[in-house]
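Take a look at the structure below.
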Amino acid sequence: MEAFVAGMGLLLDPKILLVVFLGTVIGIIVGALPGISGSTTTALLLPFTITMGPVPAIAFLGAIYCAANFGGSITAILVNSPGDPSASATAFDGYPMAQRGEAGRALGMSAVASAIGGIFSVIVLIVAAPLLARVAYSFGPPEYFALAVFGLSMVAMTGGDSPVKNLIAGAFGVLLATVGQDLTTGVERYTFGIHSFTDGIEFIPVLIGLFALAELFEQAAQLGQRTVAAKLGAVRLPSWQDIKDCTKAISLSSVLGTFIGILPALGATTAAMIAYVETKRWSKNKAQFGKGAIEGVAGPEAANNAAVGGAMVPTLALGIPGSTTTAIILAGLIVQGIRPGPHLFTEQPLLLYAVFSSMLLANLLYLVLGLGFAKVFARISLIPAPLLWPAVFVLSVIGAYAPNQAMAEVWVAIAFGFVGFFMKRYGFSPAPLVIGLVLGRMVEETLKQSLLIFDLSWGGFLNRPIALALFGLTALFLLGPFLLQRLRARP
Amino acid sequence: MSSNRVAAAAVIAIAAALFAATFWFEKMPEGITRGFGAELFPRLVLGTIIALALLLALLPAASEPLARIPPMVWYSGAALILFTAIVPVIGMLPAMFAFLLALGYLWGERRHLILLSSAVLLTAAIWGIFVKGFGVQLPKGLLA
Chain A
0 MEAFVAGMGL LLDPKILLVV FLGTVIGIIV GALPGISGST TTALLLPFTI
50 TMGPVPAIAF LGAIYCAANF GGSITAILVN SPGDPSASAT AFDGYPMAQR
100 GEAGRALGMS AVASAIGGIF SVIVLIVAAP LLARVAYSFG PPEYFALAVF
150 GLSMVAMTGG DSPVKNLIAG AFGVLLATVG QDLTTGVERY TFGIHSFTDG
200 IEFIPVLIGL FALAELFEQA AQLGQRTVAA KLGAVRLPSW QDIKDCTKAI
250 SLSSVLGTFI GILPALGATT AAMIAYVETK RWSKNKAQFG KGAIEGVAGP
300 EAANNAAVGG AMVPTLALGI PGSTTTAIIL AGLIVQGIRP GPHLFTEQPL
350 LLYAVFSSML LANLLYLVLG LGFAKVFARI SLIPAPLLWP AVFVLSVIGA
400 YAPNQAMAEV WVAIAFGFVG FFMKRYGFSP APLVIGLVLG RMVEETLKQS
450 LLIFDLSWGG FLNRPIALAL FGLTALFLLG PFLLQRLRAR P
Chain B
0 MSSNRVAAAA VIAIAAALFA ATFWFEKMPE GITRGFGAEL FPRLVLGTII
50 ALALLLALLP AASEPLARIP PMVWYSGAAL ILFTAIVPVI GMLPAMFAFL
100 LALGYLWGER RHLILLSSAV LLTAAIWGIF VKGFGVQLPK GLLA
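As given, the protein sequences belong to chains A and B, one line each in that order.
Residue numbers for the first sequence, in numbering that gives the first Met the number 0: 0 to 490.
Residue numbers for the second sequence, in numbering that gives the first Met the number 0: 0 to 143.
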């Protein structure tokens, strides 16, 4: 409790306040820009947080993460083109509402539902993360290895539609983490004589390439597609009747979103989609869904913002990313020299509680900014692609170059831009690759340590009940859908 | 051939090449590796990738061929490569300014004043924030 109060006290620091405010504004703007997601922005701005110090850096990235999900709903409602993938479900009813002249009402409900979902999940984060960390505090290398494998198995459901392709991408991410000197033997692996690869592939250029530059190529492929924006009247607080109508949707979706966010690798997009289906299932106005039901806006928006706090639970407590953006935030912590995990709660409680309180503040800020300035954000979202994307490239170059002041990193970013584009073309999502890259070193290190503990015998895992349970869960998640499918196919 | 099989074949080819590369890793004595050589973990991962790719090849996929990649993607890619190649020659800020104009024009922006103003403003912002503010040393090129 003392640490929490001290963490809240950090919010009085003008520097922290400024970065949370900036992060929230940037998050809303980029969330509203079609094609630039929260993941892209955190990847793009990660290099600029290096000089900030751990607390402002993570508060800044956390604020972007919180606000981008809300920002995505602005274009989902106004132009039927979700600025962030997590707002896809919001467009189903948000755009029909805008078409019949209720854009302001839809955006008002989006802001309120997002803030409620977001604040609920941060409260769960504050309570659950230390509890989870306490459980994980007794974990040894075998349990961590099993946990990391479980986290990797969850990438099967991340990003693209094909679980097998997601797993392949995740495995390539793990492989990418082996580039550079092996920590035990000092042997260089896959450096191909390139000096800058000796210490391993830097996260930042890879992230910038996979998210920002690959998206630039995607945009180049879609040039000429025009969107028609609906007119936006005044954005207003939802009426009491609207709140009453949506209470069930917001409550259900906040819980669902937080729970889905906590599951490793599943993020806001999945949460919003499931919440939309469940909101419709439990609604009295099922027939209105798809035609402009306000519950269809409230449910997904509460869920995708609730997933943010949820996703931070395993990220901070276990060091296992709860989503793509948290994988990038995890990379940000590692770049700052901090390895997330249960020890953080005893060693750096102030850092954690500062992150929690800045996320709470970001949720309140985007509620105010969303209601007051949605019109401005909506206008920014209509920046034409020929002006926006060259600027994104220039920022990408600076982002890749600045940390080590090396042009080699820019080449790496461009190479991964092409890799990301071709991955998407063949149905491979870059998100599992990033999660694999972030977890890769942990998987190898904990496997080595485990085998040393077990005298190089794999059978040693059989004597570790927690590790066994996690392996069992992994098998269940990987094989469950296939077995169910086969059972259903039987006459 | 279905897109899944094309993807699986490409994945297997890349994984096999990377697997072969592990045989060229420096060999260390047993006392240092303690039974876990530097090549063991990459081989485990690559074995998993190959097994998953074989599974992918067996899965049904949409039979219709993928749409052709629009030429603008290649032009944009070439512009990115050209930009990075000319930075050491003319310096980063001039290269950025030229790139902002060139890619904007290539992507169809014909309002010259808007294009020019945005290129000037962004280049100036990069100089102000990163060079003056953060002290980042940008490549100045051969002409400096």
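Heads up, the beta-carbon is just placed ideally off N, CA and C, and yes, glycines get one too.
Proximal residues of chain B, C-beta to C-beta of residue i below 8 Å
| i | result |
| --- | --- |
| A:Q404 | V135, Q136 |
| A:L386 | G103, E108, I113, L114, S117 |
| A:T183 | I31, T32, R33, F35, A37 |
| A:I397 | I125, F129, V135 |
| A:Y189 | L17, A20, P41 |
| A:P383 | E108 |
Residue i: first and last residue of the uninterrupted alpha helix (DSSP H) it sits in
| i | result |
| --- | --- |
| A:W388 | 384-400 |
| A:Q404 | Counting along the chain, A:Q404 falls outside any alpha helix (DSSP H), and DSSP gives it neither H nor E. |
| A:V312 | 294-317 |
| A:V78 | 53-78 |
| A:M96 | 87-98 |
| A:N165 | 162-175 |
| A:V24 | 13-31 |
| B:K26 | Element bounds for B:K26: n/a, residue is neither H nor E. |
| A:Y425 | First-last for A:Y425: undefined, no H or E at that position. |
| A:N362 | 348-379 |
| A:D244 | 239-261 |
Partners in chain A for residue i, counting only beta-carbon separations shorter than 7 Å
| i | result |
| --- | --- |
| B:V86 | M406 |
| B:L81 | The premise fails here: B:L81 is roughly 11 Å from chain A at the closest Cβ pair, so nothing lies under 7 Å. |
| B:L92 | Those do not exist, as B:L92 stays about 10 Å from chain A at its closest Cβ, beyond 7 Å. |
Whole-angstrom C-beta distance between residue j and residue i, which should lie under 8 Å
| i | j | result |
| --- | --- | --- |
| A:I259 | A:G309 | 7 Å |
| B:L53 | B:A7 | 7 Å |
| A:Y143 | A:T445 | 4 Å |
| A:M96 | A:A102 | 7 Å |
| A:L176 | A:G439 | Strictly speaking, residue 176 of chain A in this sequence is Ala, with Leu absent from that position. Confirmed, Cβ separation roughly 2 Å. |
| A:S495 | A:A58 | Nothing can be reported for residue 495 of chain A, as the shown portion of chain A is limited to 0 through 490. |
| B:A56 | B:N3 | 6 Å |
| A:V54 | A:I15 | 7 Å |
| A:I261 | A:A412 | The pair is not a contact, with the Cβ atoms about 32 Å apart (cut-off 8 Å). |
Contact with chain A by residue i, beta-carbon distance below 8 Å
| i | result |
| --- | --- |
| B:S1 | no |
| B:L121 | yes |
| B:F40 | yes |
| B:E25 | yes |
| B:L45 | yes |
| B:L55 | yes |
| B:I11 | no |
| B:I48 | yes |
| B:A16 | no |
| B:A8 | no |
| B:L141 | no |
Interface residues of chain B facing residue i [CB-CB closer than 7 Å]
| i | result |
| --- | --- |
| A:P389 | F98, L99, L102, G103 |
| A:E443 | F40 |
| A:W410 | T83 |
| A:L215 | S75 |
| A:F171 | I48 |
Below-8 Å beta-carbon distance, residue i vs any chain B residue
| i | result |
| --- | --- |
| A:V54 | no |
| A:A219 | yes |
| A:I207 | no |
| A:L478 | no |
| A:P431 | no |
| A:K164 | yes |
| A:K447 | yes |
| A:A401 | yes |
| A:V393 | yes |
| A:V186 | yes |
| A:T50 | yes |
| A:T177 | yes |
Under 8 Å by beta carbon: chain A residues contacting residue i
| i | result |
| --- | --- |
| B:A52 | I167 |
| B:I68 | A220, R424 |
Residue i beta carbon near the ligand FAD (any heavy atom closer than 7 Å)
| i | result |
| --- | --- |
| A:A377 | Only the bare structure without any ligand can be found here, which leaves the ligand FAD out of the picture. |
Chain-ordered neighbours of residue i on chain B, where CB pairs are closer than 9 Å
| i | result |
| --- | --- |
| A:K285 | Result: empty, since nearest Cβ-Cβ is about 31 Å, beyond 9 Å. |
| A:I333 | The premise fails here: A:I333 is roughly 19 Å from chain B at the closest Cβ pair, so nothing lies under 9 Å. |
| A:F202 | Those do not exist, as A:F202 stays about 18 Å from chain B at its closest Cβ, beyond 9 Å. |
So does the stretch 2-15 of chain B actually touch the stretch 42-49 of chain B, counting three or more Cβ pairs closer than 8 Å?
-> yes
Report yes or no: do the stretch 319-330 of chain A and the stretch 38-50 of chain A share at least 3 C-beta pairs separated by less than 8 Å?
-> yes
Within the chosen definition, does the stretch 383-397 of chain A reach the stretch 347-355 of chain A through at least 3 CB pairs nearer than 8 Å?
-> no
Sufficient close CB pairs (3 or more, under 8 Å) joining the stretch 418-436 of chain A to the stretch 159-167 of chain A = yes
Count the CB pairs spanning the stretch 363-378 of chain A and the stretch 131-142 of chain A that are closer than 8 Å, and state whether there are at least three.
-> no
Does the stretch 297-317 of chain A come within contact of the stretch 110-125 of chain A, defined as at least 3 CB pairs closer than 8 Å?
-> yes
Counting Cβ pairs closer than 8 Å, one from the stretch 287-303 of chain A and one from the stretch 242-256 of chain A, do we hit at least three?
-> yes
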